[in-house]
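Q: Supplied in structure tokens, the structure appears directly below.
Residue numbers (my numbering): 393 to 536.
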């Protein structure tokens, strides 16, 4: 799971630094700054406990269903207090063919769903296992 998150982080950061608008020729465009601002406003209203905390956009997923003429967009954020030390359980991982028991921490991700008109409709918070220290989390967080 950490590898998947690292890939998403790396993939997004490569595109995010190039411009505030991601484009695929003249086919499609994503205005990340508008999405970031709208989602951040929604987060601060829906989750007042993290108001004033640094919040960073991680991923945007947009889909369009031609059969039902329906679009969906979901964004993923994390905030500077997302690291939950000691909240995880011990997990068995294999290094080569040898099992090792490691203590997993967790990271909170905030997902926000948007309607086709750009209105944020709902959010959910998910805890994802993270094998690393708070310092490793903060280093990764600062890269966004």
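Beta carbons: idealized from backbone N, C-alpha and C, even for Gly.
Nothing here was measured: the structure is a model prediction, and the numbers come from that model.
What's the gap between the Cα of residue 483 and the Cα of residue 521?
A: Residue 483 and residue 521: Cα-Cα distance of roughly 10 Å.
Q: Under three-state DSSP, which class holds residue 532?
A: If DSSP states are grouped into helix, strand and coil, residue 532 belongs with the helices.
Q: Looking only at C-alpha atoms, which of 432, 496, 412 sits nearest to residue 466?
A: That would be 432, whose Cα lies nearest to the Cα of residue 466.
Q: Could you give the residue range of the alpha helix (DSSP H) that holds residue 495?
A: Where residue 495 is concerned, there is no enclosing alpha helix (DSSP H), although the beta strand (DSSP E) it sits in stretches over 490 to 495.
Q: Using a Cβ-Cβ cut-off of 8 Å (strictly less than) and excluding sequence neighbours within five positions of residue 515, which residues of its own chain qualify?
A: If we look at residue 515 and ignore the five residues flanking it on each side, its Cβ neighbours are 434, 435, 438, 439, 502, 503, 504, 505.
Q: Nearest to residue 517 by alpha carbon, out of 420, 474, 456?
A: With distances taken between Cα atoms, residue 517 lies closest to 474.
Q: Roughly how far, in whole angstroms, is the beta-carbon of residue 422 from the beta-carbon of residue 414, given that I think they are within contact range, below 8 Å?
A: 4 Å between Cβ atoms; contact.
Q: Based on the DSSP output, what are the partners of residue 456 in its beta bridges?
A: Residue 456 pairs with 463.
Q: Out of 478, 469, 499, 458, which one is the CA nearest neighbour of residue 446?
A: It is 469 whose Cα lies nearest to the Cα of residue 446.
Q: What is the C-beta distance between residue 523 and residue 494, in whole angstroms, given that I count them as a contact (C-beta under 8 Å)?
A: At roughly 6 Å, the Cβ-Cβ gap stays under 8 Å, so residue 523 and residue 494 are in contact.
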